[in-house]
Amino acid sequence: MEKRARPELSALQHSCIGAVIGSIEQSIMRPAVYWKTEAQQNRFNLSRAVNPRYCYRGLPVAVASVAPVACIQFGATHACMDAIRTVRGSAGNAEADKFVSGVLAGMASAMVQSPFQLLEVNQQNHGGNMASMARRVVSEYGVLGLYRGASMTAVREAFFCSSYIALAPFVKGKLLERRPDMPEGAAIAASSVFSGSLGALVSHPADTLKTRLQGSLFAFSDGRTTSRASGPREALEELRRQGPLLPQYYRGFLPRVFRLVCSNYIYNHLTKVFEEVARDWIGSVDRFEVNGVVYEPLPEPMADAHSELAES
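Heads up: the sequence shown begins at 19 in our numbering, then just goes up one per residue.
See below:
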């Protein structure tokens, strides 16, 4: 059997994997997102929470937003890591580079995600479809109205992206290093619980402010609004006037920590699966091109030398 070198996946290929995994994760975890946003707006209702008509409302919008966001997060993380390695060479801490890259990728992805999530939250609150809600927002607030809460989205995504892209694999590696007998699936599960819980704990205040800002655009049918703030500072002052900050910051925390733990597991498990599928597919092609670089099967003498070197 002819042997050949297996190239590393490119940033573009990682982006495609991220888009697929993000769509799968959102389709599975959609109810948890709904429970969280309802609790953050102080309008959680159990009968709606278990009704698919409500808890899956806005799923197409959510998938349409998460797919490009995960695509950007995966691709930007690996592009950023490649850039750091190019500038600094092989020296440096690869794990630290991954954390920094994850934070930057999360912040970049928020510029795409924030408008979609604003439409998603208001579609959950008031019904309709994505197109009609977008027209309503733009007609009353202009195009910039779609970016209400974008700064808080960037803070939240910075922590979330680094938690599943950098922290979870780091914790999994440490667990397997200290306990080599631990099954890899158990290590992924344990690292997902730790990284998802920590990511939710750190980022939830920003997520709460984001949800309140985005959900305050329009009054409900009974005339009430969840918030009248137009920016993070006003939203914070409004929460302060309503009582102690900590309980309000962490309103909706339980469904979100549940979602992030599950999301970390889904992302890390499926990333490994899809990366192996992609490498196997690339390896099955006789001649292929990635980013302008042509890969061909190794010549027989070189393949034999490569095999002997690997065995030694």
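For glycine and all other residues, C-beta sits at the position ideal for the given N, C-alpha and C. These figures come from a predicted structure and were not determined experimentally.
For the stretch 222-230 against the stretch 149-158, are there 3 or more C-beta pairs whose distance is under 8 Å?
Taking 8 Å as the limit for Cβ pairs, the verdict is that the stretch 149-158 does not touch the stretch 222-230.
For residue 90 and residue 290, I'd like the C-alpha separation in whole angstroms.
Counted from its first residue, the sequence shown places residue 90 at position 72. Counted from its first residue, the sequence shown places residue 290 at position 272. Cα to Cα, residue 90 sits roughly 18 Å from residue 290.
So, is residue 166 buried or exposed, given that buried needs 16 or more other C-beta atoms within 10 angstroms?
As a working mapping, residue 166 is identified with position 148 in the sequence shown. Buried: at least 16 other Cβ atoms inside 10 Å.
Whole runs of the alpha helix (DSSP H) within the stretch 64-136, excluding any shorter than 4 residues
64-67, 70-73 and 77-106
Enumerate in chain order the residues of its own chain whose CB-to-CB distance from residue 171 is below 7 Å, with the five nearest sequence positions on each side excluded.
As a working note, residue 171 is residue 153 in the sequence shown. Contacts found: 128, 131, 132, 135 and 228.
Would you call residue 36 buried or exposed, if buried means 16 or more other Cβ atoms sit within 10 Å of its Cβ?
Indexing the sequence shown from 1 puts residue 36 at position 18. Counting Cβ neighbours within 10 Å, residue 36 comes out buried, since at least 16 surround it.
How big is the Cα-Cα spacing for residue 315 and residue 279?
Working through the sequence shown from its first residue, we reach residue 315 at position 297. Working through the sequence shown from its first residue, we reach residue 279 at position 261. Only weak support exists for where residue 315 lies, its pLDDT of 49 falling under 50; the value from the coordinates is given anyway. Whole-angstrom Cα-Cα distance: 41 Å.
Is the distance from the Cβ of residue 269 to the Cβ of residue 57 below 8 Å?
Residue mapping note: residue 269 aligns to position 251 of the sequence shown, counting from 1. Residue mapping note: residue 57 aligns to position 39 of the sequence shown, counting from 1. Contact: yes.
Can you give me the Cβ contacts of residue 288 inside the same chain, cut-off strictly under 7 Å, excluding the 5 residues immediately before and after it?
Along the sequence shown, read from residue 1 onward, the residue named residue 288 stands at position 270. The residues are 39 and 42.
Assigned exposure category for residue 53 - 16 Cβ within 10 Å defines buried
In the sequence shown, the residue the question calls residue 53 occupies position 35. Buried: at least 16 other Cβ atoms inside 10 Å.
Exposure label - residue 237; buried when at least 16 CB within 10 Å:
One-based indexing of the sequence shown puts residue 237 at position 219. Exposed, by the Cβ-count rule.
Quick one: is residue 71 buried, meaning 16 or more other Cβ sit within 10 Å of its Cβ, or exposed?
As a first step, residue 71 is located in the sequence shown; it is residue number 53 there, counting from the start. Classification of residue 71: exposed, given that the 10 Å Cβ count is below 16.
Name the two residues that bound the continuous alpha helix (DSSP H) containing residue 354.
An answer regarding residue 354 cannot be provided, because it is not within the stretch 19 to 330 covered by the chain.
If you follow the alpha helix (DSSP H) that residue 49 is part of, which residue opens it and which one closes it?
Counted from its first residue, the sequence shown places residue 49 at position 31. Segment 29-58, the alpha helix (DSSP H) holding residue 49.
Give the secondary structure of residue 268 by DSSP, where H, G and I count as helix, E and B as strand, and everything else as coil.
For the purposes of this step, residue 268 is identified with residue 250 of the sequence shown, where counting begins at 1. Note: residue 268 maps to coil in three-state DSSP.
Whole angstroms are fine: how far does the CA of residue 103 sit from the CA of residue 304?
By 1-based counting over the sequence shown, the position of residue 304 is 286. By 1-based counting over the sequence shown, the position of residue 103 is 85. No answer about residue 304 holds up, because its pLDDT of 49 lies below 50 and its placement is not dependable.
What are the boundary residues of the alpha helix (DSSP H) that residue 202 is part of?
Position 184 of the sequence shown, counted from the start, is the residue given in the question as residue 202. 202-232 is the extent of the alpha helix (DSSP H) around residue 202.
Beta-carbon within less than 7 Å of residue 87's beta-carbon, same chain only, minus the 5 sequence neighbours each way: which residues are those?
Counting from one through the sequence shown, the residue named residue 87 turns up at place 69. If the five residues before and after residue 87 are omitted, its C-beta is found closer than 7 Å to the C-beta atoms of 40, 127, 130 and 131, all from its own chain and listed in chain order.
Under DSSP, the alpha helix (DSSP H) around residue 187 begins and ends at which residues?
Taking the sequence shown and counting its residues from 1, one reaches residue 187 at position 169. Element bounds for residue 187: 186-196.
Given this structure, state the Cα-to-Cα distance separating residue 186 from residue 157, to the nearest angstrom.
The residue given as residue 186 occupies position 168 in the sequence shown. The residue given as residue 157 occupies position 139 in the sequence shown. The alpha-carbon atoms of residue 186 and residue 157 are separated by roughly 42 Å.
Do residue 112 and residue 94 come within 8 Å of each other at the CB atom, strictly closer than that value?
Here residue 94 is taken as the residue at index 76 of the sequence shown, counted from 1. Here residue 112 is taken as the residue at index 94 of the sequence shown, counted from 1. Going by C-beta atoms, residue 94 is not nearer than 8 Å to residue 112.
Bounding residues of the alpha helix (DSSP H) (the contiguous stretch that carries residue 259):
Numbered from its first residue, the sequence shown carries residue 259 at position 241. Boundaries of the alpha helix (DSSP H) around residue 259: 250-260.
Limits of the alpha helix (DSSP H) - the one that residue 154 falls within
By 1-based counting over the sequence shown, the position of residue 154 is 136. Taken as a continuous stretch (DSSP letters only), the alpha helix (DSSP H) holding residue 154 covers 148-159.
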